[in-house]
């Protein structure tokens, strides 16, 4: 239609744009590409099948997450990837008992994690200032959100699906105990994926 | 190399993955596509040229932002797109006087915005509960961060560049006054783009 439009499916593109503004005069962008199409095609999915996650997928999602901006490059976030069935069941109970948490092969708990920079400071016998400020917690929450969103975009581009689970914040102390989180670490939101356990029961922390 | 890899540039892919884990045994994903490549190619850019932003770009970025998940679909965020030179200069002064804010044609201020649901409740003469909880502010900050990150991914896919500017939180009251923000609205982080003013001086709020 317009120079610069990539891809043949102009009708599909127009449907995606209409869904965003529902105007009689829809957006007519002069640029379009597979990335924009992935972003505008987002859906939160709350039912999962049992297909295993292809090998290397988790690592690729974490690499995508690590590619997001981080305030002052402090990287004040972590993620715990939960694949163990019993742990998923316990976390599901702590998060409004939503059954899709048990159903999904992978449940990722995104953490605003100030313990990382505290650990680095302790190693160097340095005193950190400002860690107790609300602003610093905001920083960790924002860093974690940016990272998590990158992972969501990546997994959707791979044909997988997910949903954010805010209810993981319902019982913060119990979730922290279940995941053996250090102090100064707040799980802010989780997310699970059509992730299809690869048979391993690893719980790993990245970033 | 492996079935499922799209695109010919395996060396480029491997460089991007190496940059994330710097391991002797680099990631060998069994999937790759332009979306993942865009995510892993992210760079924060702090110098901009004067080329104007193509028409429709801002609207497309906002559509991408609106496509992100929102907790309980409350959509507790807004964004102010600042293109006016004098306003950019004043905001730059309030954000550690970083000159690239003046240089960029577009400066987007992302807001955790609880005033939206308050406004809707007022219209319906309903009483909202919980708006004053810290948890509700977290919700707005996370919603805004997810939306902003979608915009960043979209703009990078279009060949544009940006950086997050946390310093916009240095002087919250002054920034709120400059942008005439309503109460219950916290600008949490801004971002400017190689955005190339289209000659208009519009300041608009979206979402």
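Chains as they are written, first to last, in my numbering: chain A, 962 to 1168; chain B, 962 to 1168. Heads up, the beta-carbon is just placed ideally off N, CA and C, and yes, glycines get one too.
Does any residue of chain A bring its CB to less than 8 Å from the CB of residue i?
i	result
residue 1028(B)	yes
residue 1110(B)	yes
residue 995(B)	yes
residue 1096(B)	yes
residue 990(B)	yes
residue 1000(B)	yes
residue 1115(B)	yes
residue 1089(B)	no
residue 1103(B)	yes
residue 1052(B)	no
residue 1061(B)	no
residue 1020(B)	yes
residue 978(B)	yes
residue 1080(B)	no
residue 1145(B)	no
residue 1076(B)	no
residue 1007(B)	no
residue 1085(B)	no
residue 981(B)	yes
Look at the alpha carbon of residue i and the alpha carbon of residue j, and state the distance between them as a whole number of angstroms.
i	j	result
residue 976(B)	residue 988(B)	10 Å
residue 1071(B)	residue 1014(B)	19 Å
residue 978(A)	residue 971(A)	11 Å
residue 1095(B)	residue 1075(B)	12 Å
residue 1056(A)	residue 1142(A)	17 Å
residue 1108(B)	residue 1054(B)	26 Å
residue 1111(A)	residue 1026(A)	5 Å
residue 1082(A)	residue 1092(A)	11 Å
residue 1035(A)	residue 992(B)	29 Å
residue 1019(B)	residue 1113(B)	11 Å
residue 902(A)	residue 1124(A)	Since the first and last residues shown for chain A are 962 and 1168, residue 902(A) lies out of range.
residue 1022(A)	residue 1037(B)	26 Å
residue 999(A)	residue 998(B)	13 Å
residue 1011(A)	residue 1064(A)	8 Å
residue 1043(A)	residue 1030(B)	21 Å
residue 990(B)	residue 1080(A)	31 Å
residue 1059(B)	residue 1140(A)	41 Å
residue 1066(A)	residue 1097(B)	29 Å
residue 1040(A)	residue 1121(B)	29 Å
residue 1089(B)	residue 1131(A)	19 Å
residue 1103(B)	residue 1061(B)	26 Å
residue 1028(A)	residue 1069(B)	21 Å
residue 1119(A)	residue 994(B)	8 Å
residue 981(B)	residue 1001(B)	8 Å
residue 1045(B)	residue 1138(B)	16 Å
Let's test the definition: count the other Cβ atoms within 10 Å of the Cβ of residue i and tell me whether it reaches 16, buried, or not, exposed.
i	result
residue 1099(B)	buried
residue 1008(B)	exposed
residue 1087(A)	exposed
residue 1134(A)	exposed
residue 1144(A)	exposed
residue 1105(B)	buried
residue 984(A)	exposed
residue 1117(A)	buried
residue 1047(B)	exposed
residue 1085(B)	exposed
residue 1115(B)	buried
residue 1024(B)	buried
residue 1101(A)	buried
residue 1033(B)	exposed
residue 1073(A)	buried
residue 1004(B)	exposed
residue 1127(B)	buried
Along the chain, where does the alpha helix (DSSP H) that runs through residue i open and close?
i	result
residue 1099(B)	1095-1118
residue 1074(B)	From DSSP, residue 1074(B) is part of no alpha helix (DSSP H) but of the beta strand (DSSP E) over 1067-1074.
residue 1145(A)	No alpha helix (DSSP H) holds residue 1145(A); DSSP gives it neither H nor E.
Does any C-beta atom of chain B lie closer than 8 Å to the C-beta of residue i?
i	result
residue 1125(A)	yes
residue 1129(A)	no
residue 1068(A)	no
residue 1013(A)	no
residue 1017(A)	yes
residue 1055(A)	no
residue 1025(A)	yes
residue 984(A)	no
residue 1106(A)	yes
residue 1119(A)	yes
residue 1048(A)	no
residue 1039(A)	no
residue 1141(A)	no
residue 1072(A)	no
Runs of beta strand (DSSP E) wholly within the region 982-1065 of chain A (minimum 3 residues, chain order) = 1038-1043
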